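Start counting the sequence shown at 41; every next residue gets the next number (my numbering).
Glycine residues also receive a C-beta, built at the ideal position from the N, C-alpha and C atoms.
Please read these numbers as outputs of a predicted model, since none were measured by experiment.
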Amino acid sequence: VNLLDDHLVDVLLDAAAMGVNIVEREGISVMHPSRFILVGTMNPEEGDLRPQLLDRFGLCVDVVGLRSVDERVAVMERDIAQQADPVSQRGSSQEGEDRLRAIIVKAQELLPLVEVPAEMRWLIALACIDSGALGHRADLVVSRAAQTLCALREAEAVVELGTSAEGEAVSPTQSLSVTLEDITVAAELALRHRRRERPAEGGGNPSAAAEQRRDRMEELAEQAREAATSAEGEPEDSDPSSLADDQDGGESVADQGGTEAAGQEGTRLGVAQLFEGELFPVRSIKLPRDRKSRAASGKRSSSESRDKRGRYVRAVLTERTTDVAFDATLRAAAPHQPRRRAEAPAGGPALRLERQDLRQKVRRRRTGTLIVFVVDASASMDAEQRMQATKGAVLSLLRDAYVRRDKVALVVFSGRIARVALSPTSSVDLAEARLQRLTVGGTTPLTHGLVAGLKLVRTERLRDSNVYPLIVLISDGRGNISLFGEEPLVEAQRIAEQIGHEHIRTLVIDSSRDTAGAQLPGAGVLAPQAMFGGFGFNACLDLAERSGGEYLGLYDLSQGAIVAGVEKTLRGR
């Protein structure tokens with residue numbers, strides 16, 4: 041599902057939630073009942089869904105390959121038997137399927153009898169708050185899933201023994217209650233994709249993390265039991281979030297500004313903690329109108345669409361019409377109607393169209409951009425808190441990319457190499473996590489970084505010819521490592537020119553300056569000045585001009601001290 045266009049996922053989820061499918065085309069709207077459950081698969085390595093869409097999926101499970109040799113051998117043997125005699129294999133599984141069907145049917149009968157006690161409702165609310173899940177959909181999903189699990193458990197006992205799980209005969213009016221185990225299992229399914237993981241949770245071991253969450257659920261159950269007891273007389277004065285705030289570690293929920301406080305088990309890092317640098321409002325990246333027709337979707341750049349999606353802006357006459365512009369077609373045919381009626385036999389259609397009347401719609405839509413961050417992590421970036429400000433600038437651009445549904449990639453260069461720290465992804469959270477681990481040190485292989493960014497864009501263009509790339513170089517421009525045996529800056533200038541020749545948009549952010557600098561001298565004296573710290577030449581501005589891109593000073597963006605900018609942003613001013 042993560043490879044589908046966002047609007048298509050929206051339509052599917054809306055139809056599943058409302059029970060009605062609405063089809064709208066050319067001013068005509070058709071509605072029909074639609075009852076189905078959407079089951080989708082995705083590989084997070086190929087890109088994530090936006091959190092707003094991910095939250096609309098009720099339950100989530102991780103599918104992993106079998107690690108046991110015996111189990112893998114059993115899979116192969118079962119497949120061999122299925123290929124040899126499909127009929128008998130279907131018969132051998134029929135008994136299990138019949139039993140499962142009977143359990144499901146019985147569970148459907150018992151589901152209306154399942155109740156969620158007040159104590160369990162408090163537990164659900166506390167568990168969702170503790171996980172960091174946003175909104176209220178998680179609470180509702182956990183409650184309904186727990187009711188379903190309770191009904192299934194009782195139905196299995198009835199089908200097998202004719203009694204409830206406690207050994208009592210089940211009557212049609214007997215009420216059933218959700219248990220702590222039901223809530224624990226339901227929360228694991230419903231909160232898996234909504235949970236904001238603590239960095240230290242489980243130490244990277246999934247089994248240990250699951251055990252920690254189970255222990256945590258038992259602690260919350262005790263709190264819920266006490267809260268439900270004390271709230272029986274005055275429920276209006278009770279607030280589950282206050283209990284979550286009063287636990288031993290003083291953990292608090294995300295406030296309206298999006299910050300989170302430290303918890304008992306592992307610190308939840310807010311923006312100021314996650315990035316040492318300043319999160320400040322950056323200038324929106326203004327890209328020129330794209331002249332190429334594309335099929336990709338997004339919100340950054342306006343581009344002509346090759347498919348039938350997008351805003352209808354004009355009509356053209358083409359040899360092959362695949363998307364008829366009815367209004368333009370009628371206007372083209374109108375002047376010829378008197379002549380065509382006179383030439384046609386009586387009793388023909390009121391409107392007579394010919395092939396030359398057909399007009400093709402031209403649509404425009406907002407297209408996504410691949411933003412490749414090429415970040416200088418050399419030792420010179422450690423001066424004057426440049427890396428701190430750089431992280432703040434990149435974080436601001438990442439947030440802008442998230443809003444505009446862009447893909448992002450991260451290339452880091454230092455020492456004598458440049459590496460792709462993050463392949464193109466739509467997961468801004470993943471990009472933030474990779475940027476968090478960024479450290480500085482070593483020399484400045486500027487050419488290596490530009491080449492790595494260029495190769496990354498070329499590779500993505502081979503995969504998707506519709507990609508609209510943007511390279512964001514953040515550096516002080518003091519390249520001192522050669523890649524091709526020439527002066528480092530001269531090599532970087534040549535790569536910058538190549539980037540411009542390949543029509544790749546660039547944005548160069550100078551981490552050492554706050555102004556555009558002076559006039560540029562000739563290329564023959566540029567490299568020595570840049571290599572040995574001469575400040576009469578602005579290397580970053582030169583690279584921006586050679587690539588046909590934009591130039592910005594890092595501290596022009598911040599408009600103030602780093603700490604003051606962080607505090608100002610967190611206060612929402």
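Residue i, enclosing alpha helix (DSSP H) - first and last residue
i, result
"ALA458", "Segment 457–465 is the beta strand (DSSP E) holding ALA458; no alpha helix (DSSP H) there."
"GLU537", "528–541"
"MET160", "158–171"
"ALA197", "177–201"
"PRO509", "No alpha helix (DSSP H) holds PRO509; the beta strand (DSSP E) holding it covers 508–515."
"ASP110", "109–124"
"ILE223", "220–230"
"SER587", "579–587"
"PRO91", "91–94"
"GLU383", "377–383"
"ASP614", "Nothing in the structure corresponds to residue 614, since the chain is present only between 41 and 613."
Extent of the continuous beta strand (DSSP E) run through residue i
i, result
"ASP622", "Missing from the structure shown is residue 622; the chain here goes from 41 to 613 and no further."
"LEU102", "The residue asked about is misnamed: residue 102 is Asp in this sequence, not Leu. Element bounds for ASP102: n/a, residue is neither H nor E."
"GLY593", "590–593"
"MET71", "68–73"
"ASN505", "For the record, residue 505 in the displayed sequence is Ser; it is not Asn. Here SER505 belongs to no beta strand (DSSP E), and DSSP marks it neither H nor E."
"VAL356", "351–356"
"ALA449", "447–454"
Distance between beta carbons of residue j and residue i, contact taken as under 8 angstroms
i, j, result
"ALA433", "LEU594", "6 angstroms"
"LEU89", "ILE143", "Their Cβ separation, rounded to whole angstroms, is 32 angstroms, which puts LEU89 and ILE143 out of contact at 8 angstroms."
"THR487", "GLU531", "4 angstroms"
"LEU93", "VAL49", "5 angstroms"
"LEU260", "ALA167", "6 angstroms"
"GLU472", "LEU435", "7 angstroms"
"VAL199", "ARG139", "7 angstroms"
"SER466", "LYS495", "That belief does not hold up - the Cβ atoms of SER466 and LYS495 are roughly 21 angstroms apart, past 8 angstroms."
"VAL452", "ALA417", "5 angstroms"
"ALA158", "ALA268", "5 angstroms"
"ARG381", "ARG395", "About 18 angstroms separates the two Cβ atoms, so there is no contact after all."
Proximity of residue i and residue j at Cβ, strictly below 8 angstroms
i, j, result
"ALA147", "ALA185", "no"
"VAL353", "ARG404", "yes"
"ASP367", "ARG426", "no"
"ALA615", "VAL402", "With the chain covering 41 to 613 only, the question about residue 615 has no answer from this structure."
"LEU410", "PRO485", "no"
"GLY482", "ALA429", "no"
"GLY489", "ALA458", "yes"
"LEU437", "VAL512", "yes"
"LEU529", "VAL491", "no"
"ILE549", "LEU592", "yes"
"VAL414", "GLY493", "yes"
"THR362", "ASP397", "no"
"CYS190", "VAL154", "yes"
"ILE164", "SER183", "yes"
"GLN187", "LEU151", "yes"
"GLY80", "VAL41", "yes"
"ARG235", "SER133", "no"
"ALA57", "SER74", "no"
"LEU216", "GLU194", "yes"
"ILE77", "SER69", "no"
"THR224", "ARG254", "yes"
"ARG456", "ILE514", "no"
"GLN533", "LEU470", "no"
CB contact check: residue i to chain B, cutoff 8 angstroms
i, result
"ALA173", "Of the protein chains in this structure there is only one, and it is not chain B."
I'd like to know if the segment 500–508 and the segment 469–476 are in contact, where contact means that at least 3 CB-CB pairs between them fall below 8 angstroms. no
Is it the case that the segment 537–548 contacts the segment 578–590, given that we only count it when at least three CB pairs across the two stretches are under 8 angstroms? yes
Entirely enclosed beta strand (DSSP E) segments - the segment 397–438, minimum 3 residues: 400–407 and 409–416
What runs of the alpha helix (DSSP H), each 4 residues or longer, lie entirely inside the segment 477–502? none
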